[in-house]
Each structure stands twice: as C-alpha cells, then as structure tokens.
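Participant: Residue numbers (the working numbering): 365 to 784. My structure is below; once you've seen it, I'll send some questions.
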Amino acid sequence: MESKPFFSNLKCRECGRLYPKQAIHVCEFDFGPLEAAYDYEEIAKSISRKAIESRPHTMWRYRELLPIDNEPTVGAQVGFTPLVKADRLAKVLGIRELWIKNDTVNYPTLSFKDRVVSVALSRAKELGFQIVACASTGNLANSVAANAAAAGLKSYVLIPSDLEQGKVLGSLIYGTQVIGINGAYDQVNRLCSEIAGKYGWGFVNVNLRPYYAEGSKTMGFEICEQLGWRIPQHTVVPMASGSLLTKIHKAYKEFSQLGIVSDTKFKIHGTQATGCAPISHALKKGTDIVKPVPKPDTIVKSLAIGTPADGYYAIHSMRQTGGSAEDVTDDEVVEGIRMLAEYAGIFAETAGGVTVAGAKKLIQSGHIGADDSAVLCITGHGLKTQEAIVGKCGEARIIAPNIREFEEKVYAADMAASKA
Ligand SMILES: *Cc1c(COP(=O)(O)O)cnc(C)c1O
Ligand SMILES: [Zn+2]
Numbered sequence: 365m366e367s368k369p370f371f372s373n374l375k376c377r378e379c380g381r382l383y384p385k386q387a388i389h390v391c392e393f394d395f396g397p398l399e400a401a402y403d404y405e406e407i408a409k410s411i412s413r414k415a416i417e418s419r420p421h422t423m424w425r426y427r428e429l430l431p432i433d434n435e436p437t438v439g440a441q442v443g444f445t446p447l448v449k450a451d452r453l454a455k456v457l458g459i460r461e462l463w464i465k466n467d468t469v470n471y472p473t474l475s476f477k478d479r480v481v482s483v484a485l486s487r488a489k490e491l492g493f494q495i496v497a498c499a500s501t502g503n504l505a506n507s508v509a510a511n512a513a514a515a516g517l518k519s520y521v522l523i524p525s526d527l528e529q530g531k532v533l534g535s536l537i538y539g540t541q542v543i544g545i546n547g548a549y550d551q552v553n554r555l556c557s558e559i560a561g562k563y564g565w566g567f568v569n570v571n572l573r574p575y576y577a578e579g580s581k582t583m584g585f586e587i588c589e590q591l592g593w594r595i596p597q598h599t600v601v602p603m604a605s606g607s608l609l610t611k612i613h614k615a616y617k618e619f620s621q622l623g624i625v626s627d628t629k630f631k632i633h634g635t636q637a638t639g640c641a642p643i644s645h646a647l648k649k650g651t652d653i654v655k656p657v658p659k660p661d662t663i664v665k666s667l668a669i670g671t672p673a674d675g676y677y678a679i680h681s682m683r684q685t686g687g688s689a690e691d692v693t694d695d696e697v698v699e700g701i702r703m704l705a706e707y708a709g710i711f712a713e714t715a716g717g718v719t720v721a722g723a724k725k726l727i728q729s730g731h732i733g734a735d736d737s738a739v740l741c742i743t744g745h746g747l748k749t750q751e752a753i754v755g756k757c758g759e760a761r762i763i764a765p766n767i768r769e770f771e772e773k774v775y776a777a778d779m780a781a782s783k784a
C-alpha cells in the first residue's frame with residue numbers, strides 16, 4: 365500500500381481545533397487531549413472485510429485506521445493474538461458464552477503494550493526522534509525497550525522503583541536505560557513531562573501519546589474480526605489510565621461507521637484493583653469527577669495509576685454504552701489469575717486477575733446477563749508478576765528418583781484422595 369492521506373490531523377477532544385501531526389498532545393486553548401483524526405471517506409474507499417482478510421495476520425492489517433504516514437518501521441509483526449472460546453471458564457463464571465482476547469502472547473514482550481509502542485515508535489521515526497522514552501508501570505517499559513532495541517533507537521524507561529523483578533529485568537535485558545524513581549507512577553509521569561519539555565525526547569505516552577493511544581484500537585478491531593465481523597455484546601477491559609477502554613470503544617464505532625460491522629448494541633465494562641480504583645469508584649458513585657489516589661496500595665502494579673489521564677473519557681465510554689465498572693481486592697485478583705489458568709489454560713499477570721474477578725462480580729450482579737456473550741481482554745503474561753502468586757498455588761512434591769517413592773508418595777496418596 366503506498367502512502368495515502370488517511371490520517372489527516374490531530375484534533376482536540378474538547379473544542380475540536382485541528383493541529384498538525386507533530387509531537388504534541390494538549391490543546392493550547394483548553395488543555396484538552398489531542399487525538400488522531402482521519403479522512404473516513406478516503407478510508408472507506410480502501411478498507412473492506414475482504415481487503416483486511418487478504419493481509420498478513422498482524423495489527424497492521426487495519427493500517428488505514430492507524431496514525432502513521434508510511435509503512436510501519438517498528439513492530440511490523442505485532443498483534444493478531446488469539447481470541448479463545450473459554451467454555452469451562454464460562455460455566456464457573458455463570459455465563460452462556462465467554463471469549464478471552466489473549467494478549468499474554470503478544471509479540472515481542474507479552475502484553476498489549478506492544479500494540480501502542482509499535483505505532484508510537486513508527487511515528488517517532490517518521491518525526492525524526494533519535495531518543496525515545498516512557499513513563500511506565502512495567503509493561504510499557506518492556507515494550508519500548510525491546511522495540512527500540514530492534515529499531516536501533518536509544519531509549520530511556522522511567523518506572524516506579526518498586527516494580528516486580530520480571531518487569532525490571534524485562535527492560536534491562538534490552539540494554540535500555542532503566543531509571544527507577546522513588547515514588548508512585550504519578551510522580552514518574554510528572555517528571556517525564558518535564559524531561560520531554562526540556563530535552564525534546566520522544567516520550568511514547570507523553571508528547572507522542574496521540575499516536576501511542578491509537579494502537580489500542582487494534583485490540584477492538586481484532587475482536588470484531590475474530591468473532592466473525594461483529595461487535596461483542598459485552599467487553600470487559602482492565603483500566604490504568606483508561607486509554608485502552610476508550611480506544612476499544614473508538615474501534616467499535618469506527619468499524620460500524622465504515623459498515624465493516626453492523627451497528628449493534630454493545631456494553632463496555634471497566635475493571636480496577638480496589639487499592640487503586642479511581643475510575644471505578646467515580647463511575648459507581650455516579651460522577652465523572654475522578655478523585656486521585658495519592659498512594660496506590662495493591663499487588664496490581666501495572667494498573668496502579670492514581671491520576672488516570674483518560675479516566676473522564678473512560679467513564680463516558682462506559683456510560684454511553686450502558687456499561688459498568690467493578691473493582692476487586694488483591695485476594696480476588698489471585699483467585700481470578702488461578703481461575704483463568706485452571707479453566708482456560710492461560711497464565712495472566714495481575715491485570716488479568718482483575719479482569720476475570722471483575723467479570724465474575726459483574727455477572728453475579730447482573731450487569732452482564734447470564735444468557736449473554738462476553739469478551740474479556742487479558743492484557744499481560746503471568747511470568748512477569750510471579751511475586752503475586754508465590755505460595756498461593758501449591759508447591760511441587762519432591763521425591764527420590766525411584767518408582768517406590770512415586771508409588772508411595774504420589775500414586776497411592778492420589779488414588780486414596782480420588783476415592784475419598
Ligand atoms: C497498560 C496496561 C493496561 C491498560 O492501560 P491503560 O492506561 O488503561 O490503557 C492494562 N493491562 C496491562 C497489563 C497494562 O500493562
Ligand atoms: Zn481544545
């Protein structure tokens with residue numbers, strides 16, 4: 365595909381003013397966030413189910429709806445992760461039909477962040493950045509580090525200093541500069557805004573945020589395509605800044621506007637950890653004023669953003685679609701991780717536990733109907749957050765290397781247990 369002007373401008377979400385496609389992210393007049401805007405008439409001439417189906421199985425099969433000018437140069441293999449029908453999990457959660465969108469196996473760093481980073485870094489290269497960076501709760505750092513290494517870009521990743529070892533090592537290994545900040549994510553983010561302003565580096569989720577954020581739409585596009593070109597009745601999404609949830613909503617709206625899926629009713633629900641649930645608490649209270657959480661306190665570090673940048677818009681997406689929000693305790697998170705593993709064979713990180721446990725509550729409370737069909741967005745791999753489950757899923761039984769020990773300590777014991 366040669367370069368066509370599908371992606372036209374940046375546009376303020378508040379006042380609609382148009383801006384050039386540069387590394388800027390807030391409106392000068394009202395500080396509203398800037399978002400990518402497209403020429404949908406031009407896109408309609410190029411995109412169709414058939415055209416998409418003829419393309420490689422990556423997130424770039426929806427190229428017209430992503431904000432870069434030329435072909436992607438970073439993360440060309442990312443996306444098109446499995447959508448798995450989870451009948452056994454559906455049964456224990458008490459719902460007729462359940463699907464898992466499994467981004468634990470996203471390429472290359474096992475979380476949905478590879479989607480946003482491939483767009484942000486492809487755009488960073490188009491804009492001529494040599495140094496790229498991010499403020500991260502872990503997964504974004506991993507993905508910036510890996511994709512920047514592959515692209516030959518120098519990178520800095522700034523993280524709260526108390527993240528899980530898997531997340532820290534998962535950045536260090538790529539030779540990125542890892543900077544641990546003694547503070548919460550909000551403080552990391554403020555520092556990054558200052559650095560971006562002062563040195564002009566390409567921060568994927570600060571000055572490149574309008575490009576970054578659009579990458580999340582591909583999760584929504586893939587869900588529709590993999591369901592046989594339809595929007596699911598219910599989508600359950602974990603929330604940190606709230607961006608993924610708003611972009612899945614945008615994806616569904618774009619696909620129905622373009623006639624790629626029919627314009628059916630759907631609900632989008634958001635989940636958080638109780639120890640940092642500013643968006644969920646606001647929605648449940650019936651307000652759209654998101655009260656910051658100064659000191660997040662939860663094992664779900666990937667979602668621990670006390671002042672969520674897109675909280676307000678996430679609330680509106682949930683309300684507009686008739687969706688709801690739920691938050692879950694750390695114990696419920698561990699139970700959610702275990703259920704997803706034991707009933708669907710998928711090992712997710714803490715954010716996955718939030719989504720499964722949150723969905724369970726939403727089904728129990730009737731916000732998701734027992735006769736309905738739902739998709740759970742599972743966004744990151746469990747091997748990165750092992751601390752959360754150590755000692756909480758049993759232990760290996762250690763025996764001597766002979767058949768007698770096996771018969772006595774394993775076989776006989778297990779046969780007796782299964783008879784009991
Ligand atoms: C970043 C992240 C999310 C969601 O982030 P948003 O800021 O709400 O877009 C969800 N799950 C995991 C594992 C993440 O790393
Ligand atoms: Zn504005």
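Idealized CB from N, CA, C, for every residue including glycine. On a predicted model such as this, the values are computed, not experimentally measured, just so you know.
Tell me Cys741's beta-bridge partners as DSSP assigns them.
Facilitator: Along the sequence shown, one-based indexing puts residue 741 at 377. Looking at the DSSP assignment, Cys741 forms a beta bridge with Lys465.
Participant: Looking at Gly439 and Leu485, is the spacing between their C-beta atoms short of 8 Å?
Facilitator: For the purposes of this step, residue 485 is taken as residue 121 along the sequence shown, with counting starting at 1. For the purposes of this step, residue 439 is taken as residue 75 along the sequence shown, with counting starting at 1. Contact flag set, yes.
Participant: Please name the residue in Val600, Gly592, Tyr402 and Arg427 whose C-alpha comes closest to that of Ala738.
Facilitator: Against the sequence shown, residue 738 aligns to sequence position 374. Checking every option, the nearest Cα to that of Ala738 belongs to Val600.
Participant: Which residue wins for smallest C-alpha separation from Ser507, given the options Val542, Ser525 and Ala678?
Facilitator: Reading the sequence shown from its first residue, position 143 is the one you call residue 507. That would be Val542, whose Cα lies nearest to the Cα of Ser507.
Participant: Within the chosen definition, does the region 455-462 reach the region 525-540 through at least 3 CB pairs nearer than 8 Å?
Facilitator: Short answer: they don't touch.
Participant: Determine, using beta-carbon pairs with one atom in the region 573-589 and one in the region 682-689, whether at least three such pairs fall under 8 Å.
Facilitator: The answer is no - the region 682-689 does not touch the region 573-589, with fewer than three Cβ pairs under 8 Å.
Participant: Nearest-angstrom Cα distance between Leu555 and Ser666?
Facilitator: Position 191 of the sequence shown, counted from the first residue, corresponds to residue 555. Position 302 of the sequence shown, counted from the first residue, corresponds to residue 666. Distance between the alpha carbons of Leu555 and Ser666: 19 Å.
Participant: Judging by CA-CA distance, which residue of Phe493, Met583, Asp695 and Gly564 is the nearest neighbour of Leu447?
Facilitator: Against the sequence shown, residue 447 aligns to sequence position 83. Out of Phe493, Met583, Asp695 and Gly564, Met583 has the C-alpha closest to the C-alpha of Leu447.
Participant: DSSP state of Asp735, grouped into three classes?
Facilitator: Stepping through the sequence shown from its first residue, residue 735 is reached at position 371. It is coil, neither helix nor strand.
Participant: Residues with a Cβ closer than 6 Å to any heavy atom of ligand 2, in chain order?
Facilitator: Those satisfying the condition are, in chain order, Cys376, Glu378, Cys379, Arg381, Cys391, Phe393, Asp394 and Gly396.
Participant: Among Ala615, Gly623 and Tyr575, whose alpha-carbon lies nearest the alpha-carbon of Leu491?
Facilitator: Here residue 491 is taken as the residue at index 127 of the sequence shown, counted from 1. Closest option to Leu491, Cα to Cα, is Tyr575.
Participant: Any idea what DSSP makes of Gln541, helix, strand or coil?
Facilitator: As a working mapping, residue 541 is identified with position 177 in the sequence shown. Strand, per DSSP.
Participant: Name the residue from Val521, Lys725 and Ile710 whose alpha carbon lies nearest to the alpha carbon of Arg452.
Facilitator: Here residue 452 refers to the residue found at position 88 when the sequence shown is read from its first residue. Comparing Cα positions, the closest option is Ile710.
Participant: In the DSSP assignment, find the unbroken alpha helix (DSSP H) run with Thr610 in it and report its ends.
Facilitator: Looking up residue 610 in the sequence shown gives position 246. Start and end: Ser607 to Gln621.
Participant: Taking 7 Å as the cut-off, is the CB of Gly746 close to at least one heavy atom of ligand 1?
Facilitator: For the purposes of this step, residue 746 is taken as the residue at position 382 of the sequence shown. For ligand 1, not one heavy atom lies less than 7 Å from the Cβ of Gly746.
Participant: At what residues does the alpha helix (DSSP H) containing Leu453 begin and finish?
Facilitator: Stepping through the sequence shown from its first residue, residue 453 is reached at position 89. Leu453 -> alpha helix (DSSP H) spans Asp451 to Leu457.
Participant: Do you know whose CA, among Lys375, Pro384 and Thr662, lies nearest Phe395's CA?
Facilitator: Counting from 1 along the sequence shown, the entry for residue 395 is found at position 31. If we check each option's Cα against that of Phe395, Lys375 comes out closest.
Participant: Please give me, in chain order, every unbroken run of the alpha helix (DSSP H) with length at least 4 that falls completely inside the region 388-458.
Facilitator: Whole alpha helix (DSSP H) segments, 4+ residues: 404-410, 413-417 and 451-457.
Participant: Taking the alpha carbon of Arg413 as the point to measure from, which residue in His680, Ser644, Val625 and Ser681 has its own alpha carbon closest?
Facilitator: Here residue 413 refers to the residue found at position 49 when the sequence shown is read from its first residue. That would be Val625, whose Cα lies nearest to the Cα of Arg413.
Participant: So Arg487 and Leu572 are in contact, right, with Cβ under 8 Å, and what is the actual spacing, rounded?
Facilitator: What you label residue 487 is simply residue 123 of the sequence shown in a count that begins at 1. What you label residue 572 is simply residue 208 of the sequence shown in a count that begins at 1. Yes, they are in contact, since the Cβ atoms of Arg487 and Leu572 sit about 6 Å apart, within 8 Å.
Participant: Is DSSP giving Thr599 helix, strand or coil here?
Facilitator: As a first step, residue 599 is located in the sequence shown; it is residue number 235 there, counting from the start. The answer is strand: DSSP assigns Thr599 an E or B state.
Participant: By the 10 Å Cβ neighbour count, where 16 or more other Cβ atoms means buried, how is Ser500 classified, buried or exposed?
Facilitator: Numbered from 1 along the sequence shown, position 136 holds the residue referred to as residue 500. Ser500 is buried by the Cβ-count criterion.
Participant: Can you check which of these residues, Glu558, Glu406 and Leu429, is closest to Ala615 by C-alpha distance?
Facilitator: What you label residue 615 is simply residue 251 of the sequence shown in a count that begins at 1. The residue with the shortest Cα to Cα distance from Ala615 is Leu429.
Participant: Rounding to the nearest angstrom, what Cα-Cα distance links Ala668 and Leu609 in this structure?
Facilitator: Indexing the sequence shown from 1 puts residue 668 at position 304. Indexing the sequence shown from 1 puts residue 609 at position 245. For Ala668 and Leu609, the distance between alpha carbons rounds to 16 Å.
Participant: For the alpha helix (DSSP H) holding Ile701, just list the boundary residues, first then last.
Facilitator: Residue 701 sits at position 337 when you count from the first residue of the sequence shown. Ile701 -> alpha helix (DSSP H) spans Asp694 to Ala708.
Participant: Kindly give me the distance between the Cβ atoms of Cys498 and Asn569, rounded to whole angstroms, as I take these residues to be in contact under 8 Å.
Facilitator: Numbered from 1 along the sequence shown, position 134 holds the residue referred to as residue 498. Numbered from 1 along the sequence shown, position 205 holds the residue referred to as residue 569. Indeed, because the Cβ distance is near 6 Å, the residues count as touching under 8 Å.
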